[in-house]
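So in the UniProt record's numbering, spot 186 of the sequence shown is number 186, and the numbers just go up one at a time. See structure below.
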Amino acid sequence: MEFAAEPSMQLQVLKALCSGQRKKASDLLLDFGSRTQSLTADDFLHIFKFCARSPDPVFVMEIWRFMELKGVRMNDTCSSLMMQALCKGGYLEEAFDIMDFLGGSQCLYPVLPLYNSLLGSCSKMQSLILANKCLDLMEKKMVGKSEVTYTELLKLAVLLKDLPAAHLVWQEYVKNYSMSIIALRRFIWSFTRLGDLESACKTLQQMVSLAVRGNISIAKTVYGKLYSTRMDIPVPSNKGLGLTISDFKEIKKLDSCMSAELDGLNGEEHSLLVKALRWSFNDIIHGCANQKNYILARKLILQMENLGLQPSCHSYNGIIKAVASHGSLGDAIEVLKKMQQKNLKPNDSTLATLSITCSKTQQLDLAEAFLNQISECLYPHPYNALLASCNELNQPERAVQVFAKMKQKKVLPNIRTCELLFSLFGVVNAPYEDSNILSQVDAAKRINAIEKYMATNGIQHSHLSIKNIVRALGEEGMIREMIQYLHVAENLFIYRNPSLGTHIYNTVLHYLVKAKESDLAIAIFKKMKLCGCDPDSETYNIMINCCTILKSYRSACLLISTMIRKGFCPVICTYTAIIKILLEDENFDEALNLLKQVILDGIQPDILLYNTVLKQACYKGRIDVIELIVEGMRREKVPPDPRTCGYVFSAYVDSGFHNTAIEALQVLSLRMMSEDGNLLGEKKKIVNEFILSEDLASESRILKLFEDSEDEFAVGLLNLRWCAIAGFPICESADQSLWARRLEGKRL
Numbered sequence: 001m002e003f004a005a006e007p008s009m010q011l012q013v014l015k016a017l018c019s020g021q022r023k024k025a026s027d028l029l030l031d032f033g034s035r036t037q038s039l040t041a042d043d044f045l046h047i048f049k050f051c052a053r054s055p056d057p058v059f060v061m062e063i064w065r066f067m068e069l070k071g072v073r074m075n076d077t078c079s080s081l082m083m084q085a086l087c088k089g090g091y092l093e094e095a096f097d098i099m100d101f102l103g104g105s106q107c108l109y110p111v112l113p114l115y116n117s118l119l120g121s122c123s124k125m126q127s128l129i130l131a132n133k134c135l136d137l138m139e140k141k142m143v144g145k146s147e148v149t150y151t152e153l154l155k156l157a158v159l160l161k162d163l164p165a166a167h168l169v170w171q172e173y174v175k176n177y178s179m180s181i182i183a184l185r186r187f188i189w190s191f192t193r194l195g196d197l198e199s200a201c202k203t204l205q206q207m208v209s210l211a212v213r214g215n216i217s218i219a220k221t222v223y224g225k226l227y228s229t230r231m232d233i234p235v236p237s238n239k240g241l242g243l244t245i246s247d248f249k250e251i252k253k254l255d256s257c258m259s260a261e262l263d264g265l266n267g268e269e270h271s272l273l274v275k276a277l278r279w280s281f282n283d284i285i286h287g288c289a290n291q292k293n294y295i296l297a298r299k300l301i302l303q304m305e306n307l308g309l310q311p312s313c314h315s316y317n318g319i320i321k322a323v324a325s326h327g328s329l330g331d332a333i334e335v336l337k338k339m340q341q342k343n344l345k346p347n348d349s350t351l352a353t354l355s356i357t358c359s360k361t362q363q364l365d366l367a368e369a370f371l372n373q374i375s376e377c378l379y380p381h382p383y384n385a386l387l388a389s390c391n392e393l394n395q396p397e398r399a400v401q402v403f404a405k406m407k408q409k410k411v412l413p414n415i416r417t418c419e420l421l422f423s424l425f426g427v428v429n430a431p432y433e434d435s436n437i438l439s440q441v442d443a444a445k446r447i448n449a450i451e452k453y454m455a456t457n458g459i460q461h462s463h464l465s466i467k468n469i470v471r472a473l474g475e476e477g478m479i480r481e482m483i484q485y486l487h488v489a490e491n492l493f494i495y496r497n498p499s500l501g502t503h504i505y506n507t508v509l510h511y512l513v514k515a516k517e518s519d520l521a522i523a524i525f526k527k528m529k530l531c532g533c534d535p536d537s538e539t540y541n542i543m544i545n546c547c548t549i550l551k552s553y554r555s556a557c558l559l560i561s562t563m564i565r566k567g568f569c570p571v572i573c574t575y576t577a578i579i580k581i582l583l584e585d586e587n588f589d590e591a592l593n594l595l596k597q598v599i600l601d602g603i604q605p606d607i608l609l610y611n612t613v614l615k616q617a618c619y620k621g622r623i624d625v626i627e628l629i630v631e632g633m634r635r636e637k638v639p640p641d642p643r644t645c646g647y648v649f650s651a652y653v654d655s656g657f658h659n660t661a662i663e664a665l666q667v668l669s670l671r672m673m674s675e676d677g678n679l680l681g682e683k684k685k686i687v688n689e690f691i692l693s694e695d696l697a698s699e700s701r702i703l704k705l706f707e708d709s710e711d712e713f714a715v716g717l718l719n720l721r722w723c724a725i726a727g728f729p730i731c732e733s734a735d736q737s738l739w740a741r742r743l744e745g746k747r748l
């Protein structure tokens, strides 16, 4: 390294800076002033270079003040390095002041590249205010604008997501310059990033047209970056976006004859042009994926092929994402096969997209297969999507394997991962199983393990993760622990943002009512309102259900009144709770009148409401009510379920009407298996095969229907088979039953 006057002193300053001895460097700098010979800017050149590279804006300001003090004139090289240090270090205000000062001095006049460098720093900081200040300063100093200026303004528009600003840059650019391949490439990139695919496609057609005419002017740096070789001399363009192709849907007008013209270029030009064109096509294709515009993406691929531009791996990755985002998994797989036929391998991002799409369509085997092909997964999104599907389909065993692979590949989780883990593994018992001490201990261990995993990865709870924990604890009947986590949610989220509390409070209230903790539920409900959380329809329905525990018809009516005043209409579960309270008080007449009013109001009763009445009528031996409800269910086309069959059968048996009990059981079983109680075709064949079969394995085959979620049909078969085994004649249609015909005359 060669230095100017006294190189050893400059070298000492550099060594001090490199070793972090700032004070020593400042002291050495002062030693320059003790020299007898004059100093020049070159005496500080290498220090400026170090400060620009580091960057070290503080020390570069110290050098500049020292030079001003000693009367050392700044040259263009040093001033450029100083501006680089200030801009890179974020000292833009100081950079503006120095530029303004230098512009007013007689010794040095800042040139346009310095202003462009300053403008570029404003873009990186995404500061429109500073960028406008820079432009004002440029106008004040009358330095003009170059292509680099417009490039920096375009970058700023993209960073600020300001599409109108990008169009303004375009309009001003075409007033001063004719288009080049590189300039068009920048505008295509910008319009695509800003979501304006129409402008991007029109600009792309100008780029193709320019390429066909042989107006290339492209070269590359030693680092492989493309740049324009034409002189930066303003020459106005006579075309704008509106003067090219009137509609981007007409892309296909440029046909395959262009391929030969592109092939006629020399090797270097052709290679660089193909690269620039392919990049621009790929930009728009990936933009189509973001906007779910599968049709445009396909048209662009076809145009690439017509131009002789073979779609690259990146091109196919883009169209696969576009197809997948449109929800067409089959088409995405076809594109993948075409890609593989050309020996092109999908990248990890594409495989992740395919895996996520498969997870959303609940094709878990395929989703897992794509996930296993990913070599490096930087984000947990595909794993989260698969875990979410496992959660929806109640497949915790598969979820364990997915999570194990995620940890094996060292994929860092996010809060969504943890929310799903709590939902998947917080509840130990399967649905319809009661909790016990062992399951509660296991649930606590699981929740604790997931929270430790969160802490290890620096993840804080979200309101949804807390809600999932609360739900898990509620399912296990761990009321005390559930309330503790409610307090955690209150301190973390609810007190600061009450709108987040309604769902968590509803979850807590639901499990308190389920556990018959009515007093605690009332206390939590009051606290909820004091916290500023607005109860919703679900809240009121839960509390009305709580009134069934208290057997307080008056309280339930008050809640309904408040509910209506708040703008919430009562729903079927609201009336079910009210009717349940009336039935507990043996007020069957009022309960039936309310049920009749519900139907007249156009509210469709559900099986839970009907079973609520049947259950109490069965306990009280009210055969008249039983028959009214069964006929009402038929009229409203509400199919019975196994509980319906049980209540009706037991009521007749308890009253001594055994034959009627068997007949009613058969009719209800037939209605449970078919909407109108008439078995036809394949169902009739299955019934005859299983009911009358003497094969010991028949019942085992019936039980397999439960595995296929055909619970009602399987229960109906077992009921009919039991009736046949007991020696009773089997009714093939509900319409043949004298009991069913007798009930047709009954009305609420």
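Every residue gets a Cβ at the ideal spot worked out from N, C-alpha and C, and that includes glycine. Given the structure is predicted, the values throughout are model-derived calculations rather than measurements.
Rank the options by C-alpha distance to the C-alpha of residue i and give the top, closest one.
i, options, result
"Cys87", "Lys70, Met125, Val72 and Val111", "Met125"
"Lys70", "Val715, Asp43, Gln205 and Leu39", "Leu39"
"Leu14", "Lys23, Cys645, Phe50 and Leu628", "Phe50"
"Cys390", "Ala399, Ser199 and Ala85", "Ala399"
"Gly393", "Lys360, Ala200 and Phe370", "Correcting the residue identity first, residue 393 is Leu in this sequence and not Gly. For the residues Lys360, Ala200 and Phe370, the minimum Cα distance to Leu393 belongs to Lys360."
"Tyr652", "Arg298, Asp624, Met673 and Pro639", "Asp624"
"Asp97", "Leu112, Met61 and Leu128", "Met61"
"Met67", "Ala52, Leu29 and Gln84", "Leu29"
"His487", "Ser375, His463, Glu475 and Lys405", "His463"
"Ile691", "Trp722, Ser349 and Asp136", "Trp722"
"Asn497", "Glu152, Gly532, Cys618 and Arg185", "Gly532"
By DSSP, does residue i sit in helix, in strand, or in coil?
i, result
"Ser669", "helix"
"Lys124", "helix"
"Asn678", "strand"
"Ser271", "helix"
"Ala714", "helix"
"Leu220", "Looking at the sequence itself, residue 220 is Lys, so the reference to Leu does not match. Three-state DSSP puts Lys220 in a strand."
"Lys249", "Annotation note: pLDDT 42 at Lys249 (below 50); position unreliable, coordinate value reported separately. Helix, per DSSP."
"Ser423", "helix"
"Ser228", "strand"
"Ser462", "coil"
"Ser146", "coil"
"Ser280", "helix"
"Val552", "Reading off the sequence, residue 552 comes out as Ser, not Val. Coil."
"Glu733", "Note that residue 733 corresponds to Ser in the displayed sequence, not to Glu. Residue state, collapsed to three classes: strand."
Using C-beta distances below 6 angstroms, list every residue in its chain close to residue i, excluding the 5 sequence neighbours before and after it, in chain order.
i, result
"Ala489", "Ile466 and Ile504"
"Lys321", "Ala289 and Thr353"
"Val715", "Pro642"
"residue 749", "Outside the displayed span of the chain (1 to 748) sits residue 749, for which this structure offers no information."
"Val148", "Asn116"
"Leu614", "Ile629 and Tyr647"
"Tyr173", "Tyr150"
Only counting the same chain, and skipping five residues up and downstream in sequence, which positions put a Cβ closer than 7 angstroms to that of residue i?
i, result
"Ala131", "Leu119, Cys122, Ser123 and Leu156"
"Trp739", "Thr660, Glu663, Ala664 and Val667"
"His326", "Lys292 and Tyr294"
"Gln616", "Leu583"
"Ile47", "Gln10, Val13, Leu14 and Ile63"
"Cys257", "Interpretation of Cys257 is limited by its pLDDT of 41, a score under 50 that renders its predicted location unreliable; the figure taken from the coordinates is listed afterwards. Correct list: empty, nothing qualifies."
"Leu112", "Val143, Gly144 and Ser146"
Could you round the C-beta distance between residue i and residue j to whole angstroms and report it? I think they count as a contact, below 8 angstroms.
i, j, result
"Asp56", "Gly89", "7 angstroms"
"Leu364", "Lys596", "That belief does not hold up - the Cβ atoms of Leu364 and Lys596 are roughly 47 angstroms apart, past 8 angstroms."
"Asn719", "Ser669", "4 angstroms"
"Val598", "Ile626", "Not really, about 19 angstroms apart at Cβ, beyond 8 angstroms."
"Ala85", "Ala52", "5 angstroms"
"Ala297", "Gly318", "7 angstroms"
For residue i, decide whether its Cβ has a neighbour in chain C, counting only Cβ atoms nearer than 7 angstroms.
i, result
"Leu28", "Of the chains in the structure shown, none is chain C; there is only one protein chain."
Excluding the five sequence neighbours on either side, which residues of its own chain have a C-beta within less than 8 angstroms of the C-beta of residue i, listed in chain order?
i, result
"Glu476", "Val427, Val428, Asn429, Ser435, Ser439, Gln440 and Ala443"
"Val571", "Ser537, Asn541 and Ile603"
Checklist entry - Is the segment 536 to 545 touching the segment 566 to 582 in the sense that three or more CB pairs, one from each, lie closer than 8 angstroms? => result yes
Checklist entry - Between the segment 439 to 449 and the segment 404 to 419, do three or more beta carbon pairs fall short of 8 angstroms? => result no
Checklist entry - Just checking, does the segment 485 to 501 make contact with the segment 449 to 458 on the three C-beta pairs under 8 angstroms criterion? => result no
Checklist entry - So does the segment 513 to 530 actually touch the segment 557 to 568, counting three or more Cβ pairs closer than 8 angstroms? => result no
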